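Novice: Here our numbering is used: position 4 in the sequence shown is 14, and no number is missing along the way. We treat Cβ as the ideally placed atom computed from N, Cα and C, and that holds for glycine. It should be emphasised that the depicted structure is a prediction, and the values quoted were computed from it without experimental measurement. Starting off with a structure, shown below.
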Amino acid sequence: MAENNSLMDPQQLKALVEVGQAINSISQKEPLLQKVLDIATEAIQAERGFLLLRNDSTHEMRIVVARNISEHQAADILRPSSSVVNQVLDSNVGVWSVKPLEDFGGSQSVMNMKLTAVACVPLVLKGTPIGAIYLDSTINRQQFNNTTLNFLQAFANQAAIAIENANFIEELQLEKNWLQSELERTYAFREIIGASPKMQAVFDIMRKILNSDISVLLEGESGTGKELVARAIHYNSHRKDKSFVAQFCGNLSENLLESELFGHKKGSFTGAINDKRGLFEVADGGTFFLDEIADISPVIQAKLLRVLQEGTFRRVGDTEYRKVDVRIISATNKNLKVEVKKSNFREDLFYRLNVITITMPPLRERRSDIPLLVQHFLRKIADKSGQKVKRLAPEAIRALTNYNWPGNVRELENTIERAVVLSGEESITLKELIIPESDGDGLKSKTLKEQEKEIVIKVLDECEGNKTKTAEVLGVSLRWLHYKLNEWQVVKPVRSIQE
Ligand SMILES: Nc1ncnc2c1ncn2[C@@H]1O[C@H](COP(=O)(O)OP(=O)(O)O)[C@@H](O)[C@H]1O
Ligand SMILES: [Mg+2]
């Protein structure tokens, strides 16, 4: 076998640079491997060849692409432990040779008695062979020499790096797909709990606007699920493979917010030591969630209007306009229309942001959802901790349903989390809930009887007059409910009563 001691000529060096570029531009593994074998085969005008790669989990060398060679023939070449490929893999050094193929371990057919030129180079990464390229020819035997072997080896070194990169990209892609499906699962509609008519109305609008790009304004008190809804819209829309970017806009300094949203040019203000991409660029193709939008300054309002009208913006201190394609979902716990009337918010921007408004109902207006939410959070906590789903004592459910929830679902979630910790092994009782006994609906000044009536009527209304459901939500018996309604002479609450 020959030593590989002669250098490459300039022509080959140039070719090497070119093939290096060609393979580095292919990030998908299958086409890359094919291209590597094609280039190698053509470089020495071989008739047949294959590329071996080590399988990461089994550590076995496997043929991943082949040219003009059957699996059976390739297996013949690989079989003997003294085969040229095994030698190359053991020594990490490329070889070429001309012999009857039979000598390389080929079967004893007459065909194989022909003189065959063989070249094989290892694919080496950080000193370890990750595979090899095998080529042979019975026609162009003169092409198999030290010079071409040197070329092949240099090329194989580049190919090994390109293959490693493709492996990384493939892994990242797999991981990205996995994370993506996790996100989609987390922000699936069914993770937004709400059987009440008010939440059903929210779901109805959400479904209608999912795949359009219109701007959505989410109004509602803090903790009512505005961000949850924004994420669910994004992860169920055609933009789901691109970024969802959320930015809190309330009480941030104008300069800071402007540079966060739109980026800045190096030197545009003290501390701008580098060019910086804005979040609008990050969100390109995806969805931008602007939280607490009512508080943004006139300068930022003007820049936002431009993004909405023309899809363009400028980094702070820059002269160039950049184009972005972003769906905007904004949220506020104020009444934005009132802010417009008070001249705190531009009217034109208001109409651009507010093509569709979704109003998130406060929890006290959908008390019938409280038991469902409690169950949802208990299950979520149990899933995380791997423990059994905690039970709630009936008086605890009643207290949760009656409380006024100024912090809405967020407060309910925190209350349940705390109660689960405090309750230890037992079921959750009033003691662990730690919520004020009476709600803040101005009920404090009322008698217990009045409060009772008010709550019952409210829940009955939310359950659309369904008494069985009302009794269930309130944690009382149907008999008790009948008795009370009779006592209060409630014949027909707001909607018609059904059992
Ligand atoms: N309908 C709902 N179902 C389940 N969880 C909810 C619901 N609404 C809100 N949450 C939870 O309550 C918390 C507050 O919700 P968030 O979307 O941040 O509210 P907001 O943006 O209106 O302040 C989050 O943990 C969210 O997952
Ligand atoms: Mg929020």
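Run the proximity test for Asp301: is its beta-carbon closer than 7 Å to any non-hydrogen atom belonging to ligand 2?
Specialist: Looking up residue 301 in the sequence shown gives position 291. Asp301 Cβ: within cutoff of ligand 2.
Novice: Short check: CB of Glu270 to CB of Val309, under 8 Å?
Specialist: Position 260 of the sequence shown, counted from the start, is the residue given in the question as residue 270. Position 299 of the sequence shown, counted from the start, is the residue given in the question as residue 309. Contact: no.
Novice: Where does Gln31 land, buried or exposed, given buried means 16+ other C-beta within 10 angstroms?
Specialist: In the sequence shown, the residue the question calls residue 31 occupies position 21. Exposed, because fewer than 16 other Cβ atoms sit within 10 Å of the Cβ of Gln31.
Novice: Return the Cβ separation of Thr158 and Ile79 in integer angstroms, given the expectation that the two are a contact with Cβ distance under 8 Å.
Specialist: For this step, residue 158 is matched to residue 148 along the sequence shown. For this step, residue 79 is matched to residue 69 along the sequence shown. Not a contact, Cβ separation roughly 19 Å.
Novice: What number of angstroms, rounded off, separates the C-alpha of Asn496 from the C-alpha of Lys463?
Specialist: Position 486 of the sequence shown, counted from the first residue, corresponds to residue 496. Position 453 of the sequence shown, counted from the first residue, corresponds to residue 463. The straight-line gap from Cα to Cα measures roughly 12 Å.
Novice: Ligand 1 and Val255: does the residue's C-beta get closer than 7 Å to at least one heavy atom of that ligand?
Specialist: On the sequence shown, position 245 is the one that residue 255 refers to. No, the beta carbon of Val255 sits no closer than 7 Å to any heavy atom of ligand 1.
Novice: Find the nearest neighbour of Asp10 within the set Leu238, Ser206, Glu237 and Arg249, judged by alpha-carbon distance.
Specialist: Lying before the first or after the last residue shown, residue 10 is absent from the chain, which here runs from 11 to 509.
Novice: Throw me the rounded Cβ distance for the Thr439 and Ala403 pair, which I believe falls under 8 Å.
Specialist: Residue 439 sits at position 429 when you count from the first residue of the sequence shown. Residue 403 sits at position 393 when you count from the first residue of the sequence shown. That belief holds up - the Cβ atoms of Thr439 and Ala403 are roughly 5 Å apart, short of 8 Å.
Novice: Would you report the Cα separation of Asn418 and Leu410, rounded to the nearest angstrom?
Specialist: For this step, residue 418 is matched to residue 408 along the sequence shown. For this step, residue 410 is matched to residue 400 along the sequence shown. Those two C-alpha atoms are separated by around 12 Å.
Novice: On the DSSP bridge assignment, give the partners of His274 in chain order.
Specialist: In the sequence shown, counting from the first residue as 1, residue 274 sits at position 264. Answer is Lys286 and Val326.
Novice: Write down every uninterrupted run of the alpha helix (DSSP H) in the stretch 79 to 110 whose length is 4 residues or greater and which is fully enclosed by it, in chain order.
Specialist: You should have 81 to 88 and 94 to 101.
Novice: Going straight from the alpha carbon of Val292 to that of Val105, what length do you get?
Specialist: Here the question's residue 292 lines up with position 282 in the sequence shown. Here the question's residue 105 lines up with position 95 in the sequence shown. Val292 and Val105: Cα-Cα distance of roughly 50 Å.
Novice: Taking just the CA atoms, how far does Lys252 sit from Leu182?
Specialist: Locating residue 182 in the sequence shown gives position 172, where the first residue counts as 1. Locating residue 252 in the sequence shown gives position 242, where the first residue counts as 1. Rounded to the nearest angstrom, the two C-alpha atoms are 15 Å apart.
Novice: Taking the alpha-carbon of Asp214 as reference, which of Leu484, Ala312, Arg420 and Thr367 has the nearest alpha-carbon?
Specialist: As a first step, residue 214 must be located in the sequence shown, where it is residue number 204. Looking at the Cα atoms, Thr367 is the closest of the given residues.
Novice: How about Ile203: is its Cβ closer than 7 Å to a heavy atom in ligand 1?
Specialist: In the sequence shown, counting from the first residue as 1, residue 203 sits at position 193. The answer is yes for Ile203.
Novice: Using a Cβ distance threshold of 8 Å, determine whether the stretch 151 to 167 contacts the stretch 48 to 65, with at least three qualifying pairs required.
Specialist: They touch, by the three-pair rule.
Novice: Checking 8 Å against the spacing of the C-beta atoms, do Leu266 and Ile306 come in under that value?
Specialist: Residue mapping note: residue 266 aligns to position 256 of the sequence shown, counting from 1. Residue mapping note: residue 306 aligns to position 296 of the sequence shown, counting from 1. It is not a contact, given that the beta carbons lie outside the stated cut-off.
Novice: My understanding is that Phe165 touches Ala127, with C-beta atoms under 8 Å, so please give their C-beta distance in whole angstroms.
Specialist: Along the sequence shown, read from residue 1 onward, the residue named residue 165 stands at position 155. Along the sequence shown, read from residue 1 onward, the residue named residue 127 stands at position 117. Rounded, the Cβ-Cβ distance is 18 Å, inconsistent with contact.
Novice: Just mark His492 as buried or exposed, buried being the case when its beta carbon has 16 or more other beta carbons within 10 Å.
Specialist: Looking up residue 492 in the sequence shown gives position 482. Exposed.
Novice: Kindly indicate which residue of Leu43, Leu315, Ile339 and Arg324 has the alpha-carbon position closest to the one of Leu300.
Specialist: Working through the sequence shown from its first residue, we reach residue 300 at position 290. It is Ile339 whose Cα lies nearest to the Cα of Leu300.
Novice: Just how far apart, CA to CA, sit Ser487 and Leu388?
Specialist: The residue given as residue 487 occupies position 477 in the sequence shown. The residue given as residue 388 occupies position 378 in the sequence shown. When rounded, the distance between both Cα atoms is 24 Å.
Novice: How is Ala205 classed by DSSP in three states: helix, strand or coil?
Specialist: Working through the sequence shown from its first residue, we reach residue 205 at position 195. The answer is coil: DSSP assigns Ala205 none of H, G, I, E or B.
Novice: Considering only the alpha carbon of each residue, which of Ser107, Asn167, Ile36 and Leu62 lies closest to Lys3?
Specialist: Past the boundaries of the shown model lies residue 3; the chain is included only from 11 to 509, so the question cannot be answered.
Novice: So, under 8 Å CB-CB, Arg362 and Leu432 are touching, yes? Tell me the CB distance rounded to an integer number of Å.
Specialist: Mapped onto the sequence shown, residue 362 falls at position 352. Mapped onto the sequence shown, residue 432 falls at position 422. 47 Å between Cβ atoms; not a contact.
Novice: Keeping to the same chain, check which residues put their C-beta closer than 7 Å to that of Ala84; ignore five residues upstream and five downstream.
Specialist: Counting from one through the sequence shown, the residue named residue 84 turns up at place 74. Closer than 7 Å at Cβ, skipping near neighbours: Phe60, Ile73 and Ala76.
Novice: Give me the residue from Phe290, Ala282, Asn261 and Ser35 with the minimum Cα distance to Ile173.
Specialist: Here the question's residue 173 lines up with position 163 in the sequence shown. Cα-wise, what sits closest to Ile173 is Ser35.
Novice: According to DSSP, is Gly452 part of a helix, a strand, or is it coil?
Specialist: As a first step, residue 452 is located in the sequence shown; it is residue number 442 there, counting from the start. No answer about Gly452 holds up, because its pLDDT of 43 lies below 50 and its placement is not dependable.
Novice: Residue range of the alpha helix (DSSP H) that Gly59 falls in?
Specialist: One-based indexing of the sequence shown puts residue 59 at position 49. No alpha helix (DSSP H) holds Gly59; the beta strand (DSSP E) holding it covers Arg58 to Arg64.
Novice: Only counting the same chain, and skipping five residues up and downstream in sequence, which positions put a Cβ closer than 6 Å to that of Gln311?
Specialist: Against the sequence shown, residue 311 aligns to sequence position 301. Once the five neighbours on either side are set aside, the close Cβ partners of Gln311 are Arg356 and Leu359.
Novice: Is it right to say Pro41 is buried, meaning 16 or more other beta carbons lie within 10 angstroms of its own, or is it exposed?
Specialist: By 1-based counting over the sequence shown, the position of residue 41 is 31. Pro41 is exposed by the Cβ-count criterion.
Novice: Between Val483 and Pro416, which are expected to be in contact by the criterion C-beta below 8 Å, what is the C-beta distance as a whole number of angstroms?
Specialist: Here residue 483 refers to the residue found at position 473 when the sequence shown is read from its first residue. Here residue 416 refers to the residue found at position 406 when the sequence shown is read from its first residue. Val483 to Pro416, Cβ: 20 Å. No contact.
Novice: Could you name the residues of the same chain whose beta carbon sits closer than 8 Å to that of Gly450, not counting the 5 residues immediately before and after it, in chain order?
Specialist: The residue labelled residue 450 in the question sits at position 440 within the sequence shown. The pLDDT assigned to Gly450 is 44, lower than 50, so where the model puts this residue is not dependable; a value taken from the coordinates is nonetheless given after this. Within the same chain, Gly450 has close Cβ partners Asn414 and Pro416.
Novice: Between the stretch 87 to 106 and the stretch 133 to 153, can you find at least three pairs of beta-carbon atoms closer than 8 Å?
Specialist: They touch, by the three-pair rule.
Novice: Under the three-state reduction of DSSP, which class applies to Met370: helix, strand or coil?
Specialist: Stepping through the sequence shown from its first residue, residue 370 is reached at position 360. Coil, per DSSP.
Novice: Taking all protein chains shown into account, decide if Thr342 is buried (16 or more other Cβ within 10 angstroms of its Cβ) or exposed.
Specialist: Position 332 of the sequence shown, counting from 1, holds the residue named residue 342. Answer is buried; the Cβ neighbour count reaches 16.
Novice: Considering only the beta carbon of each residue, do Val350 and Phe272 sit closer than 8 Å?
Specialist: Taking the sequence shown and counting its residues from 1, one reaches residue 350 at position 340. Taking the sequence shown and counting its residues from 1, one reaches residue 272 at position 262. Contact: no.
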